[in-house]
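A.B. asks:
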Amino acid sequence: MFVHGSLPELKQEEFSRVMNQLVNEKLLSISKNYGRITALGNKKHLQSEINLNGLCFSRYGRTASTCWRLIKFAVQVVSYLTYSCSDYLPIETSPYYTFQVKRWIVDMKLDRFELASKLSRELEELFLDMPTEMADFLANQFSGVQAPGLLSYQLTEIKDEMQLKLYEAKNIHSLLKKIEEKKPLVLFYLIQPLLIQNYNQSMLITRKLVLEGHSLEEIMKIRHLKKGTVTDHLIEWQLYFDDFPYKTMISKKTLNRLSQFTNVQTLEYRQLNEQASLDYGEFRFYQIGVLKGELLDGIEG
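Right, here's the structure in full:
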């Protein structure tokens, strides 16, 4: 949780306490250090007050908050710039945000009215492609000449601090995903450097070598890395991108074996490996491929 930023202040002692509590309440079962949600736990999860679909700390956790603050500040600056007004209280005073927005305005090479028009149109198109509740939650946080933005807690009935944190993160992550997919010129240019920071640069090097035709063993030698480290890079690549080379990363033997199971997500690696030797990386690649809908019955979808 520290790694992807969802709960950066969580201590191991508190984490262990909560896990034990979930086990005692029959909401979670743990066997050989593997945790699994129980039927009772899943039922309680489905009764949760908030829908967290879209939450993706593993992809956006490192820079999501900074991206959102930068977008809100850019909206405010452009709004006042359009009216040639410099007498206002900026929502960000850090030199970082000031520098980034100034650089962005200069690099765009647009006059203030054209910049405002493009930014407004891009945001409108993004919000129209999102659920109304989500779009309203985000849009009403913008500040400008006409009105100050509201704070997140003012825009929802959620009172629990943790639920509010996750709800806000879900909405921001969903917006960032839309920006990555659609690549609107003005917004994408503003936050692209931050989005790149979410990627593990070492993973990108491994990805490049694979795409150049190098095998896993060759990459281990070239980069002086252990197999486990390279496998971690490949899993991260698979999670973040849509160009994972399943045909070269999963052997036909493993594909044929795992495709016989109807619910591969519930399979336990240790049990399968005890029955017959199974490469851990290939097992995880297959599981993730099925989960992402990129593998259908052992065939690349």
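The UniProt record's numbering numbers the first residue of the sequence shown as 1 and each following residue consecutively. Where is the CB? At the ideal position from N, CA and C, for every residue including glycine.
Quick one: what's got a C-beta closer than 6 Å to Ile172's C-beta in the same chain, skipping five residues either side?
C.D. replies: Excluding positions up to five away in sequence, the list reads Ala64 and Trp68.
A.B. asks: Distance check for Ser84 and Phe241, CA to CA, integer angstroms please.
C.D. replies: If you take the alpha carbons of Phe241 and Ser84, they lie about 42 Å apart.
A.B. asks: Just to confirm, are Val186 and Lys253 a CB contact at a threshold of 7 Å?
C.D. replies: The answer is no: Cβ separation not under 7 Å.
A.B. asks: In the structure shown, what three-state DSSP assignment does Glu83 receive?
C.D. replies: Looking at the sequence provided, one finds Tyr at residue 83 rather than Glu. Reduced to three states, the DSSP call for Tyr83 is coil.
A.B. asks: Check for me: the beta strand (DSSP E) holding Tyr34 runs from which residue to which?
C.D. replies: First-last of the beta strand (DSSP E) with Tyr34: Tyr34 to Ile37.
A.B. asks: Using only CA atoms, which one of Lys43, Leu151, Glu133 and Gln197 lies nearest to Gln141?
C.D. replies: The shortest C-alpha separation from Gln141 is found at Leu151.
A.B. asks: Report the rounded CA-to-CA distance for Gln163 versus Gln275, giving the unit in angstroms.
C.D. replies: Cα to Cα, Gln163 sits roughly 42 Å from Gln275.
A.B. asks: Are there 16 or more other CB atoms within 10 angstroms of the CB of Met203, so buried, or fewer, so exposed?
C.D. replies: Met203 should be labelled buried.
A.B. asks: For Lys208 and Ile50, I'd like the C-alpha separation in whole angstroms.
C.D. replies: When rounded, the distance between both Cα atoms is 39 Å.
A.B. asks: May I ask you to verify whether the stretch 224-241 touches the stretch 269-286, counting CB pairs closer than 8 Å and requiring at least 3?
C.D. replies: Verdict: yes, contact present.
A.B. asks: Tyr60 and Leu190 - do their beta-carbons sit closer together than 7 Å?
C.D. replies: Contact flag unset, no.
A.B. asks: Can you give the beta carbon distance from Gln76 to Gly144, rounded, assuming they're within the 8 Å contact cut?
C.D. replies: So it is a contact: roughly 6 Å between Cβ atoms.
A.B. asks: Would you give the residue range spanned by the alpha helix (DSSP H) that Ser120 belongs to?
C.D. replies: Counting along the chain, the alpha helix (DSSP H) containing Ser120 begins and ends at Arg112 to Leu128.
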